[in-house]
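One structure is given here, and the rest of the page talks about it.
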């Protein structure tokens, strides 16, 4: 089959590789129907994720059709159309038993396209199929379904749920990339009174507005604007919830300045460097800061909402390609500044 | 009357000052029966808390007897023996209505011995008497009762409750000063399986052991010991809960290294400098970090537990003085390294 | 002034009574601008609420303008336009300190038009003004604002919040009177996937549909329909949340049949008789059943949502009158079956 | 092998039956080392549980040694000493993924000794071994370990955790059978201020006292005593938490009279008949009532506490037998009134 293979820093190819085979009783082989590229894949290509070794097939966001299953797989059958969760869970360890699949101690967690071969391929071996695959209704468009593999549960669980967004809240989302935009979408499920989105890129802010952001702030002239605006909206108290969706020290630090006493900062961004935590002012503020990898425990709930039309993730898809055009898809996605790409989807 | 007056950096005196008078309808004048000194008072004396101006009477931890009440005070009467909470609450603002008195927007919060005259005096004016005073049973010893003004609710609310200590948890408490020791005491209410306490001072660690700590770590040789020990106790996962009770960047950073994925770090320490938050490793760990000033919303519950003998805070009192010996009490408390003072109490 | 006075079972009059006077320091006198009638007022008139004695002015849902305030009132001034909460809270007792004003032990709770004179009058004395009055923006229409006195917080707190409605949930609301309809409105704040409303009256079901109910069931032919429909929608599991908004044994019992294992039944209805709790089937179902009187602790949040246009309670107002037409308003409201009245509002 | 076989109402025998065999990949065969009898087993023998058919091996509380495992079993090995949870969980259905194994939709839940053959036998087939078996440390005495199969998690999860027992609470436990006594033991993990236990049998009340109950009430003269006593202890407010551990309409109804406004009633008792729910007084009281079958999701936590000496369940074991004396054990347990049996344990 063909797959997108990482060959060390800066190197990748869409090339012939052996078809994946069932290895464990709990595996399934899935034929990929649609797949997308994550910002994390670009980080891997820059060499920022050393656990990913040369020869690895990338990708952790896809949907597909079950080809074959191991003897212990009970919940899906060959021919089933399925969502492949970006997180695998052994289902047995103490974390999995509490639904914290992202922290799986039994060989799961984020492994696809990371520690084992991923889903940017014609076929993929999916471990722990019973806890990692979700049957999809035929009517659900591929471009919506594929965004349930990672970005919707990530923004919902690690952002919106961790921060306890409540009706009437003021929510600030720092970063309007795919995760930030998905956070706008999923925060609205709880009817906040005001959503403010901060990002340097105007096309992303336009997307945020289209998804329901009440205020957008282009932080070219510095984040001071944002602080003044948040103070204006909140009678000087600060935001109830601030979601970090960038992954830089300065954006995280901005979040801790925007939050009100008693409020929440939910970090969703993937960070490569430490940030400064201003405990000299925060110690007294009753602030809650959370971090986390997605568990995808909310996937069934999100599937219901998408099927029901209450979430429309396909609105984040700006470009579509054939699976065979994977290299072009990477190119467009990597040049998001020029191409205004948000999510690019490759379908079979 | 006599009172302990701050006269600028490094200067204080037990001197004659005018008696306090009722100012607002919601005030009470309380004759002080017992008072203690907080580490924060030492910080004020070092000039670290610039809002405290010269001429201010210090102190925010006391019990006393109500002398007179304003016309709107409904819950106490002259002659009542009362606990004076370190936190005042207007009872009306949005924070007070949710029990978050520490964040009061109506002139409350931590004001005693800070923004208004405090309780290291023969008498004190207590604003918002209805929400700040708690009637004390006659039988409750002064030395136990006075520790309910600040350190017990602080360690319980900002430490133990914020971190959701649960039966069977492994709890690490960094710092064995009064707050850290009170955290040992109040954490035990939830039956953790293991409490480890880390501090450089061996007498404080002895106190921690006497209060029920399972393991103590004298971190003279560096905090590496602690990391190895926590790993040993927790099969390498890390502690469920880590409570910071020091207030230094390095102790906070140690806490974030000791916590398990999915665990809580509750910062109770008062910080004067920023810390480094290692988001490059924490972003993926599902960690919750909380900060906060005490609300004293748990005071009635703690009073029940003390009255019932389930908490015995007087065990933290190492030295007692007459009120008139306040200067001596400060001296002993300030030289805790030599005197092994934990809490010093001055009684009438 | 004129007021609606209860004169024993079946007897009422809009008649001259003395103007109310400030009694306690914490009182305010409010000139009534708009007032509505509650189903509970009809119960009182039937003699079902024996604590209400002859001579009592009825009414607990109004907005008005502050005329005068007691010396201890700090949060409102004469001339302020205010919402009068149906619940009074002393602000000091253990319940009030936790925001549970409905259970106030200090002379508050539901007292207006019940234990003291109410608001169906030209003026009313409001005890504990600081915790019972909320300043209203000028722009907020009276017909929306007045519904924040009782039915919106009641349906939201005792129904939606108590039952933990979550995005994607199936919610069944039994009863489409004012409270049931307000429950539809406030449940939608949490984006449930499906709201089903059950009521015998088709005009009320039409109102439910207009407010966003997905399915309505006219239970003339018995509640069996509802059970089948809920099973159909939920793959046979039952509803995540069932809200009782009627107050009869049979409707409560229906709720306990419709809920799924692990689900919530929130009772909002005012009951006069016991119901049968089928523990022989429920003991094993992990069901949570909650009851409650409103606390109105959510009032500020609801005010934000109404001001923001996310809730439009005035859509429940079917008839408007002058204050002087109070007797006509009662007549129309009492004959809701014929008049299709939902809420009737009398304005000055 | 030998096993205790149900032969219809009132009939049972310890007799020869075929050895169990592995059936599914996820099964384990466990050699029984210690087993106990549940009150539910007596109900089955009375014919009260019609799903249990003649020929069924009874029993759902045991520990043992793994004999053999199916090909998909990953967490235990032959030779492992294990706790057999009374609840089986498929690990895949929506309930299991949230840790609600008791409500498993995939063939689990309470099946042992109910829908499939149980553990009162020399060997037993345990389905879903990975989620149903817990490795036991060698040092843990059999008599303690076996009580972790059902009564400890049941009293803890369905009673103590569901009712949110908090430090300083007043907790009333109605019923001092094995479950009620285990509730005393596990409630104490949260340091309530007062535990009252109500039961007609004085030996059981003695056991309650020995386990730490503060007050015991022998309700021979009617439950009025209990109401007066609870009012005395709680300043007339009622208990924070009431746990029903009997399963009769009158004991459930007593619970709803003893609870304070805002309090919790946790039903743990197995009921055969409906109870009356006095909504005419409860509707206004902000009461939460919960029911439930145990999930055994707390088993690892309880194991830690037992291993750590913080729980000592073996104190509930009044009689011990050989496995071959199962019929005698049943006899002693069935005549608990005379024999004062609480838990009887049969060991290999």
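Residue numbers (my numbering), protein chains in the order written: chain W, -7 to 340; chain U, -7 to 340; chain S, -7 to 340; chain E, -7 to 340.
Where a beta carbon is used, it is the ideal one built from N, C-alpha and C, also for glycine.
- Residues of the same chain with a CB within less than 6 Å of the CB of residue 241 of chain W, apart from the 5 flanking positions on each side, are 265 and 267 in chain order.
- Close CB contacts of residue 287 of chain S within its chain, under the 7 Å cut and outside five residues either way in sequence, are with 79, 91, 92, 93, 94 and 149 (chain order).
- Taking 8 Å as the CB threshold, residue 151 of chain U stays off the interface with chain S.
- With contacts defined as CB atoms closer than 8 Å, residue 57 of chain W and residue 84 of chain E fail to qualify as a contacting pair.
- Taking 7 Å as the Cβ-Cβ cut-off, the segment 72 to 101 of chain W approaches chain E at 83, 84, 86, 89, 90 and 91, given in chain order.
- Look at the segment 6 to 69 of chain S and you find these whole runs of beta strand (DSSP E), each 3 residues long or longer: 20 to 28 and 54 to 61.
- For residue 119 of chain U, the closest Cβ of chain W is not nearer than 8 Å.
- Nearest C-alpha to residue 275 of chain W among W:102, W:255, W:8 and W:105: W:255.
- In terms of Cα proximity to residue 103 of chain W, the closest of W:87, W:120 and W:72 is W:120.
- One alpha carbon belongs to residue 172 of chain W, the other to residue 74 of chain E, and they sit about 47 Å apart.
- In the DSSP assignment, residue 75 of chain E falls within the unbroken beta strand (DSSP E) covering 73 to 76.
- Chain U has no Cβ within less than 8 Å of the Cβ of residue 199 of chain S.
- Within the model, the alpha-carbon separation for residue 186 of chain S versus residue 161 of chain S is close to 7 Å.
- Under the 10 Å beta carbon count, residue 106 of chain U is surrounded by 16 or more other beta carbons and is classified as buried.
- Under the 10 Å beta carbon count, residue 13 of chain U is surrounded by fewer than 16 other beta carbons and is classified as exposed.
- Taken in chain order, the complete alpha helix (DSSP H) segments of 4 or more residues contained in the segment 157 to 217 of chain E are 170 to 179 and 194 to 202.
- For chain S, none of the residues of the segment 34 to 62 of chain U brings a beta carbon within less than 8 Å of one of its beta carbons.
- With fewer than 16 neighbouring CB atoms inside 10 Å of its own CB, residue 45 of chain U falls in the exposed class.
- Counting only runs that start and end inside the segment 235 to 311 of chain U, the alpha helix (DSSP H) elements of at least 4 residues fall at 241 to 250, 271 to 274 and 291 to 299.
- Around residue 202 of chain W, the same chain offers 307 as residues with beta carbons nearer than 8 Å, after the five sequence neighbours per side are excluded.
- For the segment 236 to 269 of chain U, the set of positions with a beta-carbon nearer than 8 Å to some beta-carbon of chain W reads 239, 241, 244, 253, 254, 259, 261, 262, 263, 264, 265, 266, 267, 268 and 269 in chain order.
- For residue 132 of chain S, the secondary structure class from DSSP, reduced to helix, strand or coil, is coil.
- At a cut-off of 8 Å between C-beta atoms, residue 293 of chain E counts as an interface residue with respect to chain U.
- The Cβ of residue 1 of chain W sits no closer than 8 Å to any Cβ of chain U.
- Rounded to the nearest angstrom, the gap between the Cα atoms of residue 114 of chain S and residue -5 of chain S is 6 Å.
- In the structure shown, residue 320 of chain E falls within a helical segment according to DSSP collapsed to helix, strand and coil.
- Short of 7 Å from the beta carbon of residue 63 of chain U, and not among the five residues preceding or following it, lie these beta carbons of its own chain, in chain order: 17.
- One Cα belongs to residue 285 of chain E, the other to residue 291 of chain E, and the distance between them is close to 14 Å.
- Sixteen is the threshold: when 16 or more other Cβ atoms of the shown chains lie within 10 Å of the Cβ of residue 232 of chain U, as they do, the residue is buried.
- The DSSP-derived three-state label of residue 232 of chain E is strand.
- For residue 88 of chain W, the enclosing alpha helix (DSSP H) stretches over residues 86 to 89.
- Beta-bridge analysis with DSSP links residue 339 of chain W to W:26 and W:314.
- Contact check for residue 22 of chain E against residue 59 of chain E passes: the beta carbons are separated by less than 8 Å.
- Under a criterion of Cβ atoms nearer than 9 Å, the residues of chain E adjacent to residue 289 of chain W are, in order, 89 and 90.
- Taken through DSSP and simplified to helix, strand or coil, residue 118 of chain U comes out as strand.
- By the criterion of at least three beta-carbon pairs nearer than 8 Å, the segment 130 to 139 of chain S is in contact with the segment 19 to 33 of chain S.
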